[in-house]
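Worksheet for the structure shown next.
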Amino acid sequence: MEQPLSFAEIVQPILAEERRLELLPRDIALLATIKDEIERSPDGLLTIPYSAIQGLSGRIDLLDVKDPQKAERRMSESMTRLLNAGCLTKAEIARLRISADAEYQLTSLGESVAEWHVAQSRFSGEPLTAIFKAFINQLTRIVEDAEKSVTPDDWHRNVIPLMQHALRDMLVSIHRHQNALDRRHAEMRAFIPTLLTANSEDSIGQCEEQLAQVIKTIEDLQDAVLSSTSMAFSLIDRIADLAKPHAPNGFEPVYDDLVRRLQSTGAWITQRAIDWMDHHSVVHTFLRTIIRVDRQRRVTDALKRSIAEAPSWSLEVADEPHFCRMRDDIEKADHSKPPPRAAKKRGERTFEKIPPDAIPELLIRYLNDDLDKGEARASSLFAAVLPSMSNQLRVAAYFPWLIGQMVQAGKLDSGARDWQRITPLIEIEELRVTKK
Amino acid sequence: MNYIDKQFVDIDLILRRGGHINRSNLDVYDWLCNNYDDLKRFYANYGATLMQHPDGFFFLTVSGAKLRSRLLPKPCVHLGVFIALKARDPEITRSSGWMQTAQLLHDIETTVSKDVLQQTYAPGRKENVVDDRITQAIGSGLKVLADLCFIEVRGDRFRPLEAINRFAELARHDNAPDENARIKMTIERGVVFHEATPDEEYPEDDNNDADETQN
Numbered sequence: 125m126e127q128p129l130s131f132a133e134i135v136q137p138i139l140a141e142e143r144r145l146e147l148l149p150r151d152i153a154l155l156a157t158i159k160d161e162i163e164r165s166p167d168g169l170l171t172i173p174y175s176a177i178q179g180l181s182g183r184i185d186l187l188d189v190k191d192p193q194k195a196e197r198r199m200s201e202s203m204t205r206l207l208n209a210g211c212l213t214k215a216e217i218a219r220l221r222i223s224a225d226a227e228y229q230l231t232s233l234g235e236s237v238a239e240w241h242v243a244q245s246r247f248s249g250e251p252l253t254a255i256f257k258a259f260i261n262q263l264t265r266i267v268e269d270a271e272k273s274v275t276p277d278d279w280h281r282n283v284i285p286l287m288q289h290a291l292r293d294m295l296v297s298i299h300r301h302q303n304a305l306d307r308r309h310a311e312m313r314a315f316i317p318t319l320l321t322a323n324s325e326d327s328i329g330q331c332e333e334q335l336a337q338v339i340k341t342i343e344d345l346q347d348a349v350l351s352s353t354s355m356a357f358s359l360i361d362r363i364a365d366l367a368k369p370h371a372p373n374g375f376e377p378v379y380d381d382l383v384r385r386l387q388s389t390g391a392w393i394t395q396r397a398i399d400w401m402d403h404h405s406v407v408h409t410f411l412r413t414i415i416r417v418d419r420q421r422r423v424t425d426a427l428k429r430s431i432a433e434a435p436s437w438s439l440e441v442a443d444e445p446h447f448c449r450m451r452d453d454i455e456k457a458d459h460s461k462p463p464p465r466a467a468k469k470r471g472e473r474t475f476e477k478i479p480p481d482a483i484p485e486l487l488i489r490y491l492n493d494d495l496d497k498g499e500a501r502a503s504s505l506f507a508a509v510l511p512s513m514s515n516q517l518r519v520a521a522y523f524p525w526l527i528g529q530m531v532q533a534g535k536l537d538s539g540a541r542d543w544q545r546i547t548p549l550i551e552i553e554e555l556r557v558t559k560k
Numbered sequence: 003m004n005y006i007d008k009q010f011v012d013i014d015l016i017l018r019r020g021g022h023i024n025r026s027n028l029d030v031y032d033w034l035c036n037n038y039d040d041l042k043r044f045y046a047n048y049g050a051t052l053m054q055h056p057d058g059f060f061f062l063t064v065s066g067a068k069l070r071s072r073l074l075p076k077p078c079v080h081l082g083v084f085i086a087l088k089a090r091d092p093e094i095t096r097s098s099g100w101m102q103t104a105q106l107l108h109d110i111e112t113t114v115s116k117d118v119l120q121q122t123y124a125p126g127r128k129e130n131v132v133d134d135r136i137t138q139a140i141g142s143g144l145k146v147l148a149d150l151c152f153i154e155v156r157g158d159r160f161r162p163l164e165a166i167n168r169f170a171e172l173a174r175h176d177n178a179p180d181e182n183a184r185i186k187m188t189i190e191r192g193v194v195f196h197e198a199t200p201d202e203e204y205p206e207d208d209n210n211d212a213d214e215t216q217n
């Protein structure tokens, strides 16, 4: 048995030989047409002459013309890329000098690339139910094999590889179908507006035909979801039940993968069915309510005219206020007001008697008395009122006021400015005024 | 008809707030169809008429004094007419009936002349704030239309519902209905022919955009 290649053995030659597969859409198209030309050949030849490839390239140019002057250059570049990619090879053994005489043949890679791309771009028409039917047939055979398998070896030989194979086959088919279906839906979405815009009886008829096809697709999708997937799941579960007593190694991952892929396929089919149904419903409604009703597009034209000016009409609609919503979550614990206090009776009011401040009056009186005698001093005035003061520290509060009174009442003696202690704590700068 | 059914409550709230019952709201639409006669009598007691439009949807017209009503403001009406026009464009089938709000703004600005836009959506506004005010008024208008079930909004896209055809009432008469048609439209479709003067004032606050009338 051939030994499997190591990782390095796989990677190194590819990197060392700088192998690459760089193909442009035009190259793939040329490759596909070369394959088609070889297959159509009545002589059963496996090669194609350079002149025939030139003819094919010219036909591609007719569909994809960019610069007619560079046809030869485009073709030679395509051929170079196909040869470098290993999709095409020269068929002659002896090197021919004239390139026009050369013959080419497809490699197995080239054939596969061409086949794969042609298959991808063609809507097979194979309905989803047919794909699932083939898958279910495969699963049924696997169930039969699983019932006959009595040892883990039997499972490894007869069941697990078949499950992997069935899964791969189904996924390839589904993937092709998915791409084709999505592409077809996109095309139909783009095509239907053109039919509806044409608005002729023929185009409407075509549109209805398209809708009938859509219905078939929707039925196919629904059938696949409702019956086929459930049938497939039941068969897979049956295989899992049969595997339990033998517990073959490697079964679980294959089983999980199968279930996961089938579930995602089911979800995809459901989503597509919804998309197709929505689209069908919209187009059908459009046909029924707009195309069929307003054949001459009078309403549409009138609407176009009416948006060109500010509306001079309106619609009257009911406008009952919304109900108040009593929200519990913002309700506060206690909203109740405190009980009102009884008003106090006038007779019960208590008054505190505050005696009027007599000190300023005393100071003024002593100031006038002293001035009558000829002079007045701030220290002597404070000394006279200190016994009447409840707080002797208030001297500081009265002093600025007293300065103003003394200056207004008498003539300031700027010479007398010595410091006088009037209490053990307070010392003031003397201020002396004489009679004016 | 059972008045404690959930569908009754939903329908009653939608109708009293000026909304429409469209086929897209299948659950309540079906309930209403089954109880149409009873509901018609029920709302008649309020001085209102439950109407079924030829396009299938239901709405309430108010004629008595027991239910309040209001007139849709000018921006809402113009926006409704514009959406009704877009709903008749075959291109709408491409996106299964949905439209992008940004695309609507672009379309309305490129289709309708600046003067009409200013006169409708930003009357009396200074030139430097007109564009912002138009965008703002269209946004508020879409919200009002969605609240009244003329359209359904999902994120940054919306789709017109059948009720949007109420804005095509005049267009069905080629924008020039005769006297009989006007009377019929007023009674059966709630259309009010409201000759707005050029210097008509609109409320500053978007929440009070609608002209309120007390019946």
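Chains as they are written, first to last, in the numbering used here: chain E, 125 to 560; chain Y, 3 to 217.
C-beta: ideal position from N, C-alpha, C; glycine also.
Since the structure is predicted, the reported quantities are computational estimates derived from the model, not experimental observations.
Mind reading off the beta-carbon distance from residue i to residue j? Whole number of angstroms is fine, and I expect it under 8 Å.
i        : j        : result
Y:ILE55  : E:PRO435 : Before going further, note that residue 55 of chain Y is His rather than Ile in the sequence given. Actually they are not in contact, since the Cβ atoms of Y:HIS55 and E:PRO435 sit about 19 Å apart, beyond 8 Å.
E:LEU263 : E:ARG385 : About 13 Å; that fails the 8 Å criterion.
E:ALA356 : E:ILE260 : 6 Å
Y:ARG184 : E:LEU439 : Contact flag wrong, Cβ pair sits at about 14 Å.
E:MET530 : E:VAL557 : 5 Å
Y:ALA50  : Y:LEU69  : 5 Å
Who does residue i pair with in a DSSP beta bridge?
i        : result
E:ASP537 : E:ARG556
E:SER438 : Y:VAL194
Y:VAL64  : Y:ALA50
E:ILE158 : E:ILE158 is not bridged to any residue.
E:ALA500 : E:VAL557
Y:MET101 : Y:PHE160
E:GLN544 : E:ILE552
Y:VAL155 : Y:PHE160
E:LEU230 : E:LEU212
Y:ILE110 : Its beta-bridge partners do not exist; DSSP assigns none.
Y:ILE23  : Y:PHE60
Determine the closest residue to residue i out of the options, with distance taken between C-alpha atoms.
i        : options                                : result
E:LYS214 : E:ALA304, E:ILE172, E:ASP326           : E:ILE172
Y:ARG174 : Y:LEU87, Y:LEU107, Y:LEU52             : Y:LEU87
Y:GLU171 : Y:ARG127, Y:GLY82, Y:ASN130, Y:GLN120  : Y:GLY82
E:ALA322 : E:ILE284, E:GLU142, E:ARG421, E:GLY182 : E:ARG421
E:ASP185 : E:ALA153, E:TYR174, E:LEU207, E:LEU212 : E:ALA153
E:MET401 : Y:LYS116, Y:CYS35, Y:GLY99, Y:GLU93    : Y:GLY99
E:SER430 : Y:GLN121, Y:ASN177, Y:ASN130           : Y:ASN177
E:GLY182 : E:LEU170, E:GLU196, E:ASP381           : E:GLU196
Y:ILE94  : Y:ARG159, Y:LEU74, Y:LYS128            : Y:ARG159
E:ILE483 : E:GLU239, E:PHE410, E:ALA508           : E:ALA508
E:ASP537 : E:ALA500, E:PRO285, E:TYR490, E:ILE546 : E:ALA500
Y:ARG156 : Y:GLY192, Y:ARG127, Y:LYS186, Y:GLN102 : Y:GLN102
E:ALA540 : E:ASN492, E:ALA502, E:THR424, E:TRP240 : E:ALA502
E:LEU491 : E:LEU505, E:ARG416, E:PRO479, E:THR424 : E:LEU505
Please list, in chain order, all residues of the same chain as residue i whose beta carbon is under 7 Å from its beta carbon, the five residues on each side excluded.
i        : result
E:LYS560 : GLY534, LYS535
Between residue i and the rest of its own chain, which residues show a CB-CB distance below 6 Å, the 5 nearest in sequence each way excluded?
i        : result
Y:SER26  : LEU163
Y:LEU28  : none
Y:LEU41  : LEU52
E:ILE550 : VAL519
Y:GLY20  : LEU150
Determine the extent of the beta strand (DSSP E) in which residue i is found, giving its start and end residues.
i        : result
E:PRO484 : Looking at the DSSP string, E:PRO484 is not in any beta strand (DSSP E); the run it does join, the alpha helix (DSSP H), is 483-497.
E:PRO173 : 171-173
Among the residues of its own chain, which have a CB less than 8 Å from the CB of residue i, if the five just before and after it don't count?
i        : result
E:GLY249 : With a pLDDT of only 49 at E:GLY249, under the threshold of 50, the placement of this residue in the model should not be trusted; the figure read from the coordinates follows. If we look at E:GLY249 and ignore the five residues flanking it on each side, it has no Cβ neighbours.
E:LEU212 : LEU155, ILE158, MET203, LEU206, TYR228, GLN229, LEU230, THR231, GLY234
E:ASP381 : LEU291
With respect to the alpha helix (DSSP H) encompassing residue i, which residues constitute its N-terminal and C-terminal limits?
i        : result
E:PRO285 : 284-322
E:GLU201 : 195-208
E:TYR379 : 375-410
Y:TYR123 : 116-123
E:PHE256 : 252-272
E:ALA140 : 131-140
Y:TYR218 : Since the first and last residues shown for chain Y are 3 and 217, residue 218 of chain Y lies out of range.
E:ILE328 : 325-347
E:ILE363 : 353-367
Y:LYS145 : 132-149
E:THR424 : 422-430
Going by the C-beta, is residue i closer than 7 Å to any heavy atom of the ligand MN?
i        : result
E:LEU187 : With respect to small molecules bound, the structure shown includes none, and the ligand MN cannot be examined in it.
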